[in-house]
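A quick write-up on the structure given underneath.
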Amino acid sequence: MFAAVGADVALAFVEIGLIALVLAALARLASNLGVTAIPFYLLAGLGLGDGGVADIGIAEDFVALGAEIGVLLLLLTLGLEYTGEELRLGLRTGTVPGLVDAVLNFGPGFAMGVVLGWSVPAAVLLGGVTWISSSGVISKVLSDLDRLGYRETPSILNLLVIEDLAMAVYLPVVAAVVSGQDAMSTIVTVAVALVVVVVVLIAAMRWGHLMSAGLDRGNNEVLLLAVFGLTLLVGGLAQQLQISAAIGAFLVGLALSGPVQHRVSALIEPLRDLFAAIFFLFFAFQIDPAKLPAAMIPALALLVVTAAGKLGSGWVAAGRAGVGRRGRLRAGTTLVARGEFSIVIASLAVGLDEEPELATLAAAYVLLTAVVGPLLAKNSELLDGVIPGRRRKSPPEVRTADV
Amino acid sequence: MAEVREIKLPGVGVRLEFETAAGEQVAVVVHRGGRREVMVYDSDDPDISTTVMRLTPAEARTLSEALGGSSVTEVSRVVEQRIEGLAIDWIAVEDDSSFADRSMADGMFRTHTGVSVVAVIRGTETIPAPGPDFVFAVGDVAVVVGTPSGIDQVRTLLGA
C-alpha cells in the first residue's frame with residue numbers, strides 16, 4: 075500500500091494517529107451527550123475529506139481498505155447478534171410487523187428515489203437506507219433509558235431480528251441489481267445468491283453448532299484470527315461470485331452459534347469499533363460538504379415520512395403483544411433511529427451514476443435520524459397528546475403473549 | 005414457588021418475570037454476559053418498570069445467597085451450554101444388573117460407549133470420580149456424561 079519510504083510511512087502514521095485521536099474525542103463527546111458516535115464520525119469525514127477543512131493525503135489508501143474491512147465486520151456482528159433460536163422465534167412471531175415495517179419504510183425511500191429521477195437500483199438502495207433501523211443505536215437507547223423491562227421491548231427487538239433476516243435477502247438482491255448486468259444474468263445472480271443464503275441459513279440453524287464447537291476449542295487468539303480470516307475469505311469469495319462481500323460476512327456471523335457466538339462477539343467488538351469508525355469516516359470523505367445543505371431538504375422529508383413509518387411499525391408490533399397505547403408509541407419512536415446499516419447500504423452504490431447524490435442524501439438522513447430518533451424515543455409521551463385516538467388511563471385487563 | 009415467565013430479548017438476553025403474593029410484578033433481565041437488572045413494574049401502568057438495581061454476575065450470586073437461594077441452577081445451566089450435544093444422566097444399578105459387585109474396569113464403559121461415569125451416589129454418600137477398581141453395588145446411582153445414544157447403551161449394561 076505505501077511506498078517503502080521512511081518519510082511516507084512517518085507521514086502516514088502521523089495522519090492516521092491524528093485521525094484516530096479526532097475520532098476518539100468525538101466518540102467521547104457522543105457518549106457524554108448520550109447519542110451514537112456515527113453522526114459525529116460522518117461530520118468528521120465531511121470536514122477531513124475532499125473539499126473539507128483539512129485534506130488527508132497519504133493515509134487515504136489505508137483508510138480505504140480499512141473502510142472495506144469495517145463493512146465486513148459490521149455485517150459479521152449483525153449476523154452474530156442473534157442466535158438461531160431467536161431468528162426462528164422472530165420468523166414465527168414477527169412476519170406481519172416485519173411486512174408492515176418494510177412497506178412503510180422501504181416504500182418512502184424508494185419513492186423518493188423515483189421522484190428524484192434516479193435509476194431503479196439507486197431507488198432500491200435509498201429504500202434500504204430508510205428501511206433498516208439501527209440495532210446498535212436502539213439497543214443502546216433501550217438500555218440507557220432503562221426500558222429493557224418494558225412490555226413493548228421484546229416487540230422492538232423482534233422487529234430488529236426481522237430486519238436482520240430481511241437484510242439476508244435484500245443485500246444479495248441489491249448487489250445483483252447494482253452490478254448492472256442484463257436482466258437474465260441479474261435474475262440468475264439473484265437466484266444463486268438467494269439459494270446460497272437460504273441454504274446457509276438453514277444449515278446455520280441446524281448444524282451451525284458443529285462448526286461453532288470446532289472453533290470454540292481454540293483460545294481467544296486462535297478464535298479471533300480464525301473468525302477474522304473466515305470473514306474476509308468468505309467475503310472475498312462472495313464478492314468474486316457477485317454476491318457482495320457484505321453478505322458473505324453476514325452469513326459467517328449467522329453460521330456461528332452457541333457459546334462461541336458470544337465469545338466471538340466480545341472479541342470482534344473492539345476490532346469492529348475501530349474499522350467501523352474508519353468506514354464511516356471514509357464514507358463521508360467522498361461527500362462534498364457543499365452539497366450537504368441541498369440534500370437536507372429531501373432528507374428532512376424522508377425523516378418525517380419514515381419516522382411516521384416506524385411509528386406505524388412499532389404501533390403494530392407492540393399492539394400484537396397486547397401493549398397499551400403509550401407503550402406502542404414508545405415502540406414506534408424507539409425504532410426511528412437509523413445508523414450503521416443505512417450507511418452500509420448506501421455504500422453499495424459503487425459504480426452507479428447516482429452514487430454521489432445517494433451518499434450525500436444517506437449521510438444527511440442518518441445525521442438527522444440518528445440524532446432525532448433517540449430524542450423522540452426519550453420524549454415519546456409528548457406524542458401521546460398529539461396523536462389522535464383513544465387514551466386510556468388503566469391498562470388492558472387481558473394481555474396476550476409477550477412476544 | 006411463583007410461576008416464572010421467561011421472555012426472550014433477542015440480542016440482549018432473557019427477562020424472567022413473576023408476581024409476588026403482594027401483587028407486585030417483578031422482573032429480572034439476565035444479559036448474555038451474565039449482568040442482571042432487577043426491576044419492579046409500575047402499579048398504574050404495568051407496561052413500564054423501574055430498575056431497582058444492576059448487578060454483576062458475582063453480585064447476583066451474593067444477593068441470591070443472601071436471599072437463601074443457591075447457585076446450583078445457574079451452574080447446571082452453564083454446564084448444559086458448554087457441552088452442547090452431550091447429556092448428563094443418572095442411572096440406577098438394578099437388582100438384576102449383571103454389574104452388581106463388579107468393578108468399573110470390568111465395565112469398560114468409556115471404551116465401549118464413550119460415556120464417562122463422573123460420580124456414583126450410594127445412599128447419602130457421593131463418590132466423585134470413581135476409579136477403575138470401584139465396585140458397583142445394587143442401589144448405586146451412577147452419574148454419567150456422554151452422548152444420548154452412549155448413555156442409552158450404558159443404561160442397558162447397568163440396568164439389566
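These protein sequences, in sequence, are chains A and B. Numbering-wise, this note's numbering puts 311 at position 237 of the first sequence, and it's gapless, one number per residue. Numbering-wise, this note's numbering puts 148 at position 144 of the second sequence, and it's gapless, one number per residue. Just so it is clear, CB atoms sit at the ideal spot from N, CA and C, and this is done for glycine as well.
Report task. Check whether the Cβ atoms of proline 448 of chain A and alanine 411 of chain A lie closer than 8 Å to each other. Result -> yes
Query raised in the report: What is the DSSP secondary structure of phenylalanine 22 of chain B, reduced to helix, strand or coil?
Result: strand
Query raised in the report: Exposed or buried, which one is serine 105 of chain A when buried takes at least 16 other CB atoms within 10 Å?
Result: exposed
Query raised in the report: So methionine 112 of chain B is in the beta strand (DSSP E); what residue range does that whole segment cover?
Result: That residue, methionine 112 of chain B, is in no beta strand (DSSP E); it is neither H nor E in DSSP.
Report task. Anything in chain B within Cβ reach of glycine 282 of chain A, meaning under 7 Å, just list it in chain order. Result -> Near glycine 282 of chain A there are no residues of chain B at all, since even the closest Cβ is about 11 Å away, more than 7 Å.
Query raised in the report: Taking all protein chains shown into account, do 16 or more other C-beta atoms lie within 10 angstroms of the C-beta of glutamine 314 of chain A, making it buried, or fewer, making it exposed?
Result: exposed
Query - Straight-line Cα distance separating proline 113 of chain A from leucine 441 of chain A - result: 5 Å
Query raised in the report: Do you know how far the Cα of histidine 336 of chain A is from the Cα of arginine 221 of chain A?
Result: 23 Å
Query raised in the report: Taking 7 Å as the cut-off, is the CB of glycine 383 of chain A close to at least one heavy atom of the ligand SAH?
Result: Among the components modelled here there is no ligand, and therefore nothing to report on the ligand SAH.
Report task. Could you check the C-alpha separation between glycine 172 of chain A and leucine 59 of chain B for me, to the nearest Å? Result -> 34 Å
Report task. Taking threonine 151 of chain B as part of the beta strand (DSSP E), name the residues at either end of that continuous run. Result -> Premise fails: threonine 151 of chain B is in no beta strand (DSSP E) and is neither H nor E.
**Report entry** Cβ neighbour criterion (16 or more within 10 Å) applied to glycine 127 of chain B
**Finding:** exposed
**Report entry** Short CB-CB distance (under 8 Å) between valine 170 of chain A and chain B
**Finding:** no
Query - Span separating the alpha-carbon of isoleucine 342 of chain A from that of glycine 398 of chain A - result: 38 Å
Query raised in the report: At least one CB of chain A closer than 8 Å to the CB of threonine 15 of chain B: is that the case?
Result: First, the residue type needs correcting, since residue 15 of chain B is glycine and not threonine in the sequence shown. Chain A contact via Cβ: present.
Query - Neighbourhood of leucine 190 of chain A by C-beta distance below 6 Å, restricted to the same chain and skipping five residues each side - result: none
Query raised in the report: Would a check of beta-carbon distances place methionine 43 of chain B closer than 8 Å to chain A?
Result: yes
Query raised in the report: Quick one: is methionine 112 of chain B buried, meaning 16 or more other Cβ sit within 10 Å of its Cβ, or exposed?
Result: exposed
Query raised in the report: What are the uninterrupted segments assigned as alpha helix (DSSP H) that are 4 or more residues long and contained completely in the stretch 318-406 of chain A, given in chain order?
Result: 319-329, 333-359, 366-394
Query raised in the report: Can you name, in chain order, every residue of its own chain whose Cβ lies under 6 Å from the Cβ of alanine 133 of chain A, other than the five neighbours on each side?
Result: Ala86, Glu89, Ile90
Query raised in the report: Does DSSP put serine 213 of chain A in a helix, in a strand, or in coil?
Result: helix
Query raised in the report: Does the beta carbon of aspartate 458 of chain A come closer than 8 Å to any beta carbon on chain B?
Result: no
Query - Min CB distance serine 213 of chain A to chain B below 8 Å - result: yes
Requested in this report: Would you identify the three-state DSSP class for glycine 303 of chain A, choosing helix, strand or coil?
Outcome: helix
Query raised in the report: Does serine 209 of chain A have its Cβ less than 8 Å from a Cβ in chain B?
Result: yes
Query raised in the report: So, is proline 14 of chain B buried or exposed, given that buried needs 16 or more other C-beta atoms within 10 angstroms?
Result: buried
Query raised in the report: Under 8 Å Cβ-Cβ, which residues of chain B neighbour glycine 398 of chain A?
Result: Asp49, Asp51
Query raised in the report: Residues in its own chain within less than 8 Å of valine 301 of chain A by CB, not counting five upstream and five downstream?
Result: Leu150, Leu289, Val326, Leu330, Val338, Leu341, Ile342
Query raised in the report: For valine 96 of chain A, which beta-bridge partners are listed by DSSP?
Result: Valine 96 of chain A is not bridged to any residue.
Report task. Mind listing the chain B neighbours of aspartate 427 of chain A? Cutoff is C-beta to C-beta under 9 Å, in chain order. Result -> Those do not exist, as aspartate 427 of chain A stays about 37 Å from chain B at its closest Cβ, beyond 9 Å.
Query - Close-in-space but distant-in-sequence residues of the same chain around isoleucine 11 of chain B (CB under 7 Å, 5 per side omitted) - result: Val18, Arg19, Glu21
Query - Residue of A:Ala451, A:Ile230, A:Glu431, A:Leu456 minimising C-alpha distance to alanine 197 of chain A - result: A:Glu431
Query raised in the report: Within the 8 Å Cβ cut-off, does threonine 151 of chain B reach chain A?
Result: no
**Report entry** Exposure of arginine 51 of chain A, with buried meaning 16 or more beta-carbon neighbours within 10 Å
**Finding:** Lying before the first or after the last residue shown, residue 51 of chain A is absent from chain A, which here runs from 75 to 477.
Query - Of the listed residues A:Ser213, A:Pro246, A:Val247, nearest to valine 235 of chain A (C-alpha basis) - result: A:Ser213
Query raised in the report: In chain order, what residues of the stretch 109-123 of chain B put their CB closer than 8 Å to some CB of chain A?
Result: none
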